[in-house]
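Okay, so here's the structure we're looking at.
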Amino acid sequence: MTRRRTVALAVVFALTLAAIPASGAAVGFGDASVSPTTATTGSTTTLDLSVNATAVNTTDGTTGANVTVAVPAALDLSGATVDARSVTPNATGVTASVDSASNAVVVSWDDDAGADSETVAVTVTVSGVAVDRTGDHDLSATVDADGDGTTDASGSVGTLTATAAESDRSVTTTDASLFLGEADVDLTGLDGASAAGESQQFFGTGGEAEGNVATVDDALVADVTRGNGFVPGTYALSAGGDSTLVVEEPNVTAVDLYPGDTASGTEVSGSSIPASVETLTVEPRFDFEDADDATITVENPDGLTVTDELTADATVSASGETVTLDVADLSTGTYTVRVEGADDLDHVTATATFRVRAEAKTISASRTRVARGQSTVATVSGAPGAVRHVRVPADALRDGESVTVPTAKAVFGAADGLVLVGADSEANALYATVALDDNGFAKVEIDTDRLATGTHDIAVARNVTADAEASVPVTVADRQVSASPARETVTVGETVSVSGTAPGADDVKLYARVGGAYAPLYDDDGDLAETRVGADGSWAVDLDTREVVTVPGRYRIAAVADPGDDELGSTARISESTLRDFEDFGTTTLTTTDPAPSASVSQSRIATTDGDEVTVTGRAPGPGETVRAYVVSPRGAVDPRDVTVADDDTFEFDYAGFDTPGRYRVLLVTPGRDATFGFADGGDAAAIRSELAGSETAAEAEAVVRDRYGGAGVDDRILALNVTATDPRVRVETVQHRNDTLVVTGTSNRENGTHVLLDLRRETATVTVGDATVNASGRWQATVDVAGVADGAYTLRAETADVTDSRAVQIGDVATATSTPAPTTTEIDSEAVTVVTATPTPTETPATPDRAAAGDDARNATGRASRTETVGAGPGFGPVTAVVAAVAALLSLVVRARRRRP
1 MTRRRTVALA VVFALTLAAI PASGAAVGFG DASVSPTTAT TGSTTTLDLS VNATAVNTTD
61 GTTGANVTVA VPAALDLSGA TVDARSVTPN ATGVTASVDS ASNAVVVSWD DDAGADSETV
121 AVTVTVSGVA VDRTGDHDLS ATVDADGDGT TDASGSVGTL TATAAESDRS VTTTDASLFL
181 GEADVDLTGL DGASAAGESQ QFFGTGGEAE GNVATVDDAL VADVTRGNGF VPGTYALSAG
241 GDSTLVVEEP NVTAVDLYPG DTASGTEVSG SSIPASVETL TVEPRFDFED ADDATITVEN
301 PDGLTVTDEL TADATVSASG ETVTLDVADL STGTYTVRVE GADDLDHVTA TATFRVRAEA
361 KTISASRTRV ARGQSTVATV SGAPGAVRHV RVPADALRDG ESVTVPTAKA VFGAADGLVL
421 VGADSEANAL YATVALDDNG FAKVEIDTDR LATGTHDIAV ARNVTADAEA SVPVTVADRQ
481 VSASPARETV TVGETVSVSG TAPGADDVKL YARVGGAYAP LYDDDGDLAE TRVGADGSWA
541 VDLDTREVVT VPGRYRIAAV ADPGDDELGS TARISESTLR DFEDFGTTTL TTTDPAPSAS
601 VSQSRIATTD GDEVTVTGRA PGPGETVRAY VVSPRGAVDP RDVTVADDDT FEFDYAGFDT
661 PGRYRVLLVT PGRDATFGFA DGGDAAAIRS ELAGSETAAE AEAVVRDRYG GAGVDDRILA
721 LNVTATDPRV RVETVQHRND TLVVTGTSNR ENGTHVLLDL RRETATVTVG DATVNASGRW
781 QATVDVAGVA DGAYTLRAET ADVTDSRAVQ IGDVATATST PAPTTTEIDS EAVTVVTATP
841 TPTETPATPD RAAAGDDARN ATGRASRTET VGAGPGFGPV TAVVAAVAAL LSLVVRARRR
901 RP
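For the sequence shown, the residue numbers in the UniProt record's numbering are 1 to 902.
Have a look at this one:
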């Protein structure tokens, strides 16, 4: 039962009904209203409605006329009761009930000798209606005025709007963002979410949340916290469902400070303002405005909060809103402005600082060390409205540049308060004249492309020839172009990322040294390998090795910064001397190798048993994404398949179609350096069927495959693997007695992982058992516990689900002579068993006892073992071993199924 919050609201239901009277007029559904029209989510309410209808025939003696009011599931009637009901005029036997199954209220009555066309009003009071979900909930009604089960009229009763008074906010749309740390979020208005008072699970579908499950106790007041299992990412409301919500880390992304009453002009966070500035505008930017407000706190140089002295309202409800601070009375020093969440998200914070300075004339640079070609911004401060000159001395210019107005315009770029740009040969300087704004600031950009390397003093003065009032040193360094491939060695045809830095440059173009010259390289889209340099000086290109560097070898790669309009877009090669003429370039090396696929098979011998399989694994470096595999059977049948190459160049597939004894050829074809197959490119491996008649021998079928992927100009690679299939077999090779165990080794051509069951028998009774597993080399080993086994002659049987093998084993002292069997084979029809028996040849037994004897060891104290091999079922496959064999076969199937599982 969901939690209910009791709220004394009322729902009265009044409907006007109409049926088809004797006069033939249609029943009409009149006006309707509901009161109240609002309720609180999580509460219960009691309600009152009224509807008028026309042309109801109350003279025809109808019994069981009724009105059914359908209520949406968000308004739960399972605990509701009818407190009052009324049908007027001319109605008797009025009843009303709640139909919990359909979440509806049904009012019924009988006619009472009225008129053939009149208005009927139905009123019902229902209490205990549980408001489970936030949102607008529409109520509707149907009228059966004749009591015949047919709807005569229908219409809307009204809308009840539920709001979550106890929640901080309500989320009603999918893909909405929740912020980690916010509390009391109403989620009941979401499709698929739990009702108020019920717990809700959230299933992570993306980001850090993928695979996680978060839980809240009440969907009406959900806390989005790590304690409830939330991490950033996307969530669904049901396992396997679509993503419904996004949980994000809340952030304050910026705290900008502007002198004056508006967020415009010079931004001074981390900078200083003169004491004459009277107001400072704070513009916080944050991403959690849907969940929480943001508050601003100001701390003085001593760490004390002075916010209340500077503003009456330090709270903003949306990112980009501003707070104006009265800083006229602040003393000099550095102040901290802190922005943080106002309530639940008060742990989310960011700061900015500003310094109140004494009235003085200063100049500062946004960057005091730059690579030539980069820019720095000089900020001049002083008395508001003052005019100042920013000067660059002539000795700061690089060779070939002169003190001219064009040079000055190239050096001085964008500016706030710029008056003019000029050059003065007498002062031997370039200058920019700026006017300080109302807050005493002006900015001008200085481009260093025309400046020489070294440290230069950028000065501010009253005029171009006056002594400097202040200066700032700016160091210009040579542009260092770097380049580095993500991998130093790649296979021809692959794409490799080459990245580096070129601070101050606009463009970078890549070349490779080929045959004594430098050829332009190309990216993975087939365009020239030219790219723009980012604002941070970095660049990157995804290089296509199917162009230029196609011959395996070691290449020198050159990255040229700003090669000029003549070279950008040009496919022409350049010489070594031309490369050296470029002012800035960097080099690296890249080694390309020939695509060299490799492959192996899990075992080279396999049984023809249904289900036995081998696994083919390999690597196919290069641009190809598919390997074509062709399995050629001993009879020449070709089984084609396409195998996907993984991102790490590996591939793998299983094959189990060994139904005929003989040699199978597994042909693996990989595309060459151009990433295309020489045969049926754009198709698939199965296209080879159109080239085969179906009557080829194995050698002829293989020749067809090789021919289609060979020829002039084709560089596809073909690998061949062999697998020999034979009838199923198992062999006991050696038996050694060690302490109280027999160590048994043997071989089998069954697949890797096949179970071999062993039992030691005396006549027809099994005295002990063991088991082993065939490995990829076709060998197996087992230990059989013989502790407590009496001395005597025994038969050791090894068996799989298909075949068995037997060895005679002597435990304890040998008292009599045994025989050395000479194996002979007796074949019986296919419905019986095949038995390999032996013809005894007498031999003497030494007096020294030997605890166990088996195999062909002539030095063993026992005679040569008799061997029995059984195929199929029949005598010798007793009930105990039959059960054990069945269990082993089942285990083998389970192991095989797990190996096949992707």
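Each residue gets a CB set at the ideal place from its N, CA and C atoms; glycine is no exception. As the structure is a prediction and not an experimental result, all values here were calculated from the model.
| Asked | Found |
| --- | --- |
| Could you pull the start and end residues of the beta strand (DSSP E) that Val131 belongs to? | 120–131 |
| Expressed to the nearest angstrom, what Euclidean distance is found between the alpha-carbon atoms of Ser100 and Ser78? | 5 Å |
| With which residues is Leu257 paired in a DSSP beta bridge? | Val282 |
| Would you mind listing the beta strand (DSSP E) stretches within the stretch 721–766 that are 3+ residues and don't spill past its ends, in chain order? | 730–738, 741–748, 755–762 |
| Could you compute how far the alpha carbon of Ala620 sits from the alpha carbon of Ser598? | 7 Å |
| Might you give, ordered along the chain, the residues of its own chain that have their beta carbon closer than 7 Å to the beta carbon of Ser33, omitting 5 neighbours on each side? | Leu49, Ser50, Gly158 |
| Skipping 5 residues on each side, what residues in its chain have a beta carbon closer than 6 Å to that of Phe202? | Ala214, Tyr235 |
| Would you say Asp287 lies against chain B (beta-carbon separation less than 7 Å)? | No chain B is present in this structure, which holds just one protein chain. |
| Using 10 angstroms around the beta-carbon of Glu283, count the other beta-carbons present and answer buried if the total reaches 16, otherwise exposed. | buried |
| Should the stretch 624–634 be called in touch with the stretch 746–765, which here means at least 3 C-beta pairs below 8 Å? | no |
| Measuring alpha carbon to alpha carbon, tell me which residue in Ala646, Asp111, Ser102, Asp83 is nearest Val93. | Val is not the amino acid found at residue 93; the sequence shown has Gly there. Considering only alpha carbons, the answer is Asp111. |
| Whose C-beta lies closer than 7 Å to the C-beta of Ile606 among residues of the same chain, with five residues either side of it excluded? | Asp612, Val614, Phe658, Val723, Ala725, Asn749, Glu751 |
| Report the partner residues of Asp457 according to the DSSP bridge assignment. | Pro473 |
| If we count Cβ pairs, one from each stretch, closer than 8 Å, do we get three or more for the stretch 400–411 versus the stretch 472–482? | no |
| Going by DSSP, which residues form a beta bridge with Lys443? | Thr379, Asp416 |
| Tell me which same chain residues have a C-beta within less than 6 Å of the C-beta of residue 904, skipping the five on either side of it? | The displayed coordinates of the chain run from 1 to 902. Any statement about residue 904 would go beyond what the structure contains. |
| Using only CA atoms, which one of Asp326, Thr205, Thr764, Gly382 lies nearest to Thr262? | Asp326 |
| Use the C-beta contact count for Gly42: other C-beta atoms within 10 angstroms, 16 or more gives buried, fewer gives exposed. | buried |
| In three-state terms, what does DSSP make of Phe266? | A small correction: the amino acid at residue 266 is Thr; Phe does not occupy that position in the sequence shown. Correct three-state label for Thr266: coil. |
| So Glu488 packs on Thr587, CB below 8 Å; how close in whole Å? | No, Glu488 and Thr587 are not in contact; Cβ-Cβ is about 13 Å, not under 8 Å. |
| Which of the three DSSP states, helix, strand or coil, is assigned to Arg708? | helix |
| By DSSP, does Ser108 sit in helix, in strand, or in coil? | strand |
| Output the distance between the C-alpha atoms of Asn463 and Arg450, rounded to the nearest integer angstrom. | 23 Å |
| Buried or exposed: which applies to Gly553, given that a residue is buried once 16 or more other Cβ atoms fall within 10 Å of its Cβ? | exposed |
| Any idea which residues DSSP pairs Gly500 with across the strands? | Trp539 |
| Whole beta strand (DSSP E) runs in the stretch 507–592 with 3 or more residues, listed along the chain? | 507–514, 517–520, 530–532, 538–544, 553–561 |
| Taking the DSSP output, what are the residues bridged to Ser402? | According to DSSP, Ser402 bridges with nothing at all. |
| In this structure, what does DSSP give as the bridge partners for Pro274? | Arg357 |
| Is Tyr794 buried or exposed, if buried means 16 or more other CB atoms sit within 10 Å of its CB? | buried |
| Where Thr644 and Ala686 are concerned, what is the direct C-alpha to C-alpha distance, given to the nearest angstrom? | 15 Å |
| Based on DSSP bridge pairs, tell me the residues matched to Arg169. | Val185 |
| Could you tell me the boundaries of the beta strand (DSSP E) in which Leu245 lies? | 245–248 |
| Label Leu668 either buried or exposed according to how many other C-beta atoms from any shown protein chain fall within 10 Å of its C-beta, with 16 as the threshold for buried. | buried |
| Are Tyr522 and Ala558 closer than 7 Å when you measure CB to CB? | no |
| Between which residues of its own chain and Pro563 is the CB-CB distance below 8 Å, once the five residues before and five after are set aside? | Asp507, Lys509, Phe582 |
| If we ignore side chains and look at the alpha-carbon of each, how far apart do Arg285 and Thr46 end up? | 46 Å |
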